[in-house]
Each structure stands twice: as C-alpha cells, then as structure tokens.
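Before any comments, here is the structure.
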Amino acid sequence: MRLQIEDASVVFPAPKGAAPTEALQNIQLTINDGEFVVAIGASGCGKSTLLNLIAGFLAPTSGDILLDSDLVQGPGAERSVVFQNHALLPWLNVQENVAFGLMLQGVSKAKRYEISDRFIDLLGLQNFKKASTYNLSGGMQQRVGIARALACDPKLLLMDEPLGALDALTRERAQELILRVWEDTGKSVFFITHSVEEALFMGTQLIVMSPRPGRIAHRFDLPFSRQFLQGTPARSVKASQEFIALREKVLDIIFSDQEML
Amino acid sequence: MNDTAKTSNASRRLGLLGRLSRSRPTQPGETYGVPGSGETRYLSAATVIGMLFAWWLITTLGWVAPLFLPSPQAVIHAFITISENGFTNTPLWQHVLVSSARMLVAFFFACLFGIPLGLAIGMSSVARGMFHPLIELYRPIPPLAYLPLMIIWFGIGETSKVLLIYLSCFAPIVLGCSAGVRSASIEQIHAAYSFGATRWQVLRHVILQAALPEILTAMRIGIGFGWTTLVAAELVASREGIGYMVLTASKFLQTGVVIMGIIIIAAIAYLFDWAIRYLEHRLVPWKGKV
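In order, the protein sequence lines correspond to chains A and B.
Count along the first sequence from 1, then add 739; that gives the number in the numbering used here.
Count along the second sequence from 1, then add 483; that gives the number in the numbering used here.
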C-alpha cells in the first residue's frame, strides 16, 4: 500500500463578494505501508479537508491523490473512516454494526460474522456482541466504530479525531488499544487529532499543518509509538525528555498559528 | 419549630405563583429542572372522572335540557339499545366496521403512495420541485371544501368517501416522510460510503432506516387527520358508518346517539393510534436514544 498526494490544492468557492478560500495549498504527502501518519494543527488548517480528500468525499481543485498508483475518485472500502462521534447505526446491534461494511459488499452472513467476530475480539467487545450500541459508553462505541472500519479490511484506515469525544482517562487507554491494534493488523493509518501529546505518542510521522492557506508546515519522524510497543510503559514514554522537548516545539508552532487568528 | 415545618411554611408563603415560577429541589434519582417531569396518571384519571361527574351532576340537577346534553345514563342507554337493535336497520358493529374499513383502505393507500412520494421529495430535488408545491397547495384546504368536487368527479359511492379520507391522510404522511429523510447524520452516510456502499445501499440501509421513526410518526399524524375527516366523508349519500350515524341522529335530535357516536370514533381512533405506537416501540426501540 502506498498513498500519494501529489501537489493537491483545494479552493472553496467564495461566498458572495468574499475571496475564495484556499483550504489546502500544494499538499505533498506519502503514506507508506504500515505507517501511522498523524495530522495536527490549529483549527481551520485543513486537517479534515485533507482527510475528506483521501477518503474521496472531496475532489481536489488541482493535483492528484493516488492509492497504489490508482487515482482516488470517490469513497471506497479500501479507505474506511472512523468518525469522532462514531456514527454507529442504532438499529443494528454491535455485531451487525461491525459486519455492516461486509454486508454492503455482499459477503455471506456466516462469513461476515466470522470476520467481524475477529475484530470484536481484537477490540475487547466479545461480551457486547448482541448489545444495542446506544446503551454503550462513549469509549465502547468508539471501539465498535474502529472494529467496524477494520472489518472492511481497508488498506488505509482514516481516523478523524476518533478520541476527541472521550474523557481523558478513557482516551489514554484508547490510544494504547489503537496502537496495539495497529501493530496486530499492520494497517496504514491516517489520524487527525487536536492533542499534541496524542499526536506524538501515536504517530510514526507527524505533519503539523498551518492555516490560511492550509498547508503542511512541518514534518517530524516519531519514535514514541514503537518505544511503547517494544515494552516501555506509555506514561514513561510520555514523560521522557525527548517527548517533552518535541511536545513544546510542536505546541510553539501551533500556538504561533493560533495567535494570528 | 423544626426545619421541615419552616420550609413548608416558606413555600406556602410563596403561594401558587411562587411555586410555578421556581422548581422544587429534586428527590435523589430525579433530574433537576426537566420541563414537564412528574407522574400524570392520577391527575389524568381524576380529570376524566371529574368531567364525567360534572356531566352527571349538571344533567341530574336539570341545569341543561336533555336535548342539548343528555345524561351519561341516557348515552349508555342509547349505546345498549343500538347495540341490540342497530341504527337505521343496521347493527352497530356494521357501522363500526364500515367506517373502519373506509379508514383502513384510505390509510393503506395513503401510506402506499405517500411514503414513497415523501421519501422521493426528501431525496431528490426533481421530485421536490414537481410535487412539493402541489402538496403544499392542497394541504391547508379543509376537506369539506373539496368534498363537492369529489362527488362531482367520482359520484356518491365509496370512491369519493375513501378518497376524501385518503387526501387528508396523504399530505401529513408525505411531508413527514420527506422531513424524515434528513434524520440520518452526514457521518452515518459518509461511513456507509467509506465502507463501499452504493447510493442505493445508502438509501436502503442508512437513510430509510434512520427515517423510520419519522415515517411512523407521519403515519400516526396521518391517521389522526383521517379520523377527523370521517364524518365529512360520510356526509353525503351514506347508508352506513359511524359518521353517518352521528349525522342522522343529529337530524332527529337524538343527542345521546350523537355523543355515543363521537365516543366510539374517539375510542377507535385511540386504538389505531395505540397500535402505531406499539409498532413504533417494536420497530424503533432506539428512537430518541441517539
């Protein structure tokens, strides 16, 4: 798997009288197989626009998005999305929600429950298979959302602030869970967050975006998720000198953008 | 004087206005400040019983002539007599059955055409452009106004009666369903697309499912409108039906039968409504929980 964004720009047409908005300007980004790319930036920097571009919900004004050298021309199951507010379907139970993508693809009932059960186990939902999604806690609902996206067997998993709605403690547990799932499945991930700490902890590559026009201002290679997966406790990783130094650096960049508002 | 007595004194001093303008602290397990919270069963039962009692009292004391308001006993008597002997040579159950059948046929067709049309209006700008103005134009017209037209076009048979009820069910069903299309969140729709759904699958598995609570609500409102038109529909050239019974009884000043007919219509309408609410409870247990 290799996703390439080649010089992509997005210009939203102007509301009457105003100048058109350059939401993204000349974005160059490559996501290689197994990579965990995290996007962060002040609000209005185009993170979500970038995700919509990769998901195929939005066409670039200029430039190309290539998945394994095929032009992306719309949404598809090889790029499944996890949403911030989980967007589960309340008329389906947990198992049916996880199997939803497979059902759409016409996979037989027995087969799709076999596959979805694997991801239900992976995300620790085995005791809630038949539960109604609206009776679950926020953290559990998001696990269903992740299992559901993984069950489609995407080449690239797109996560749009998936942990943004969770409380701080659940959020740290969920970060570790997602990293373990990422290691287990070997999927490539594109992940949006507002939390610098989360971005540094989770990613292998960090892109810091700046607004007006939305662009990638800085790129960092990150070692922290691998340190965690190799056995260093999450809190030790997040307390290390290297982590804190980089966190302050990234915060400086983002705050300097924020002050321009 | 202990604390409780002081508080109750204070709240008594506030009077009715004071109690309306400020909420009491809640008991454990309740939520403070929820509008309209509290048990209503006893109050509702008391209201109904109080009404019946007032009715009985007014008629027994002879304050109102029986011609205008017969006593509850007289209405019950009318019910028993008509149950035994029928009304205008037709048994009561047949009147009920004929009216219910007209309602059901009209409601069935209103759902059959109204639900797909409403969904189409919600889903496509072409359908909305074509049909929305038509529905909006005829919707506010009272059915009695176009009843003569129905009779001129379709005669005095069953067709015009059923059609009148149909038209009064149809508009609220269409409008409710077209609004229901917007129930699915954009994230739910995007999720389905990102799992490889086709447009048809999104329609079938997301939009339609999410619209189901609103479709059922539209059906409830539609059938309610249908019942309000029943009497008008049975106004002309009927020989059977509850509406016919009420109208005929009023011509002969049998006020007791009129009231009995009204109560029967209310009871059947309530039964229909209850059936749809039961359906709602079974089909969309998730309603209001997301």
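Don't be surprised by glycine CBs; every beta carbon is placed ideally from N, CA and C.
This structure is a prediction, so every number in the text was calculated from the model and none was measured.
Pull up the distance between the alpha-carbon of Glu835/A and that of Ile742/B, whole angstroms please.
52 Å
Run through DSSP, which three-state label would Gly597/B get?
helix
Quick one: which chain A residues come within Cβ less than 7 Å of Cys769/B?
For the record, residue 769/B in the displayed sequence is Trp; it is not Cys. Chain A residues near Trp769/B: Pro829, Trp830, Ser871, Tyr873.
Expressed to the nearest angstrom, what Euclidean distance is found between the alpha-carbon atoms of Ile859/A and Glu853/A?
10 Å
Could you run through the stretch 668-679 of chain B and flag, in chain order, every residue whose CB is less than 8 Å away from some CB of chain A?
Ser668, Glu670, Gln671, His673, Ala674, Ala675, Tyr676, Ser677, Phe678, Gly679
Pairing CB atoms from the stretch 623-638 of chain B with CB atoms from the stretch 680-700 of chain B, are three or more of them under 8 Å?
no
Alpha-carbon to alpha-carbon, Leu754/B and Ile541/B:
30 Å
Taking buried to mean at least 16 other C-beta atoms within 10 Å of its own C-beta, is Asp906/A buried or exposed?
exposed
Please report whether the beta-carbon of Pro754/A lies at a distance below 8 Å from any beta-carbon of chain B.
no
Continuous alpha helix (DSSP H) stretch holding Phe653/B: start and end
641-663
When you compare the stretch 820-829 of chain A with the stretch 896-903 of chain A, are there three or more beta-carbon pairs, one atom per stretch, that lie closer than 8 Å?
yes
According to DSSP, what are the bridge partners of Asp960/A?
Gln944/A
Excluding five sequence neighbours on each side, which residues of the same chain lie with their C-beta closer than 7 Å to the C-beta of Lys772/B?
none
Using 8 Å as the limit for Cβ to Cβ distance, is Gly840/A near chain B?
yes
Contact check, Leu630/B vs Leu647/B, beta carbons under 8 Å:
yes
Contacts of Ala826/A in chain B (Cβ-Cβ under 7 Å):
Ser668, Glu670, Gln671, Ala674
In chain order, each alpha helix (DSSP H) run of at least 4 residues that lies wholly inside the stretch 555-643 of chain B:
555-568, 575-606, 608-621, 626-637
Bounding residues of the alpha helix (DSSP H) (the contiguous stretch that carries Phe822/A)
Taken as a continuous stretch (DSSP letters only), Phe822/A belongs to no alpha helix (DSSP H), as it is neither H nor E.
Closer than 8 Å at the beta carbon, the chain A residues around Val689/B
Leu828
Could you check whether Ala758/A and Phe751/A sit closer than 8 Å to each other, using their CB atoms as the reference points?
no
For a test of the three-state rule: what should DSSP assign to Val547/B, helix, strand or coil?
coil
What separation, rounded to the nearest whole angstrom, lies between the Cα atoms of Gln844/A and Lys894/A?
16 Å
From the beta carbon of Phe834/A, is the nearest beta carbon of chain B less than 8 Å away?
The amino acid occupying residue 834/A in the given sequence is Gln; Phe does not appear at that position. Chain B, which has no Cβ nearer than 8 Å to the Cβ of Gln834/A, makes this no.
Cutting at 6 Å between CB atoms, please list the residues of its own chain near Glu763/B, excluding the five before and the five after it.
Leu699
Under 7 Å between beta-carbons, which chain A residues line up against Val664/B? List them in chain order, please.
None at all; the shortest Cβ gap to chain A is about 16 Å.
Simplified DSSP state of Asp807/A, which is helix, strand or coil:
coil
Proximity of Ile993/A and Ala781/A at Cβ, strictly below 8 Å:
yes
Please decide whether Val810/B counts as near chain A, where near means a Cβ-Cβ distance under 8 Å.
With chain B running from 484 to 773 in the structure shown, residue 810/B is simply not present.
For the stretch 878-907 of chain A, list every residue whose C-beta sits within 7 Å of some C-beta in chain B, in sequence order.
Cys891
Flag Arg818/A as yes if its beta-carbon sits less than 8 Å from any beta-carbon of chain B, otherwise no.
yes
With burial defined as no fewer than 16 other Cβ atoms inside 10 Å of the residue's Cβ, what is the status of Leu828/A: buried or exposed?
buried
Residues of chain B with CB closer than 7 Å to the CB of Gly815/A, please, in chain order.
Gly679
Determine the DSSP secondary structure at Phe967/A, reduced to helix, strand or coil.
helix
Residues of chain B with CB closer than 7 Å to the CB of Phe822/A, please, in chain order.
Glu670, Ala674
Counting only beta-carbon separations shorter than 8 Å, does Phe796/A have a partner in chain B?
yes
Can you list, in chain order, the residues of its chain whose CB lies under 8 Å from that of Ala1018/A, leaving out five sequence neighbours each side?
Residue 1018/A falls outside the range modelled here, since chain A spans only 740 to 1000, and no answer is possible.
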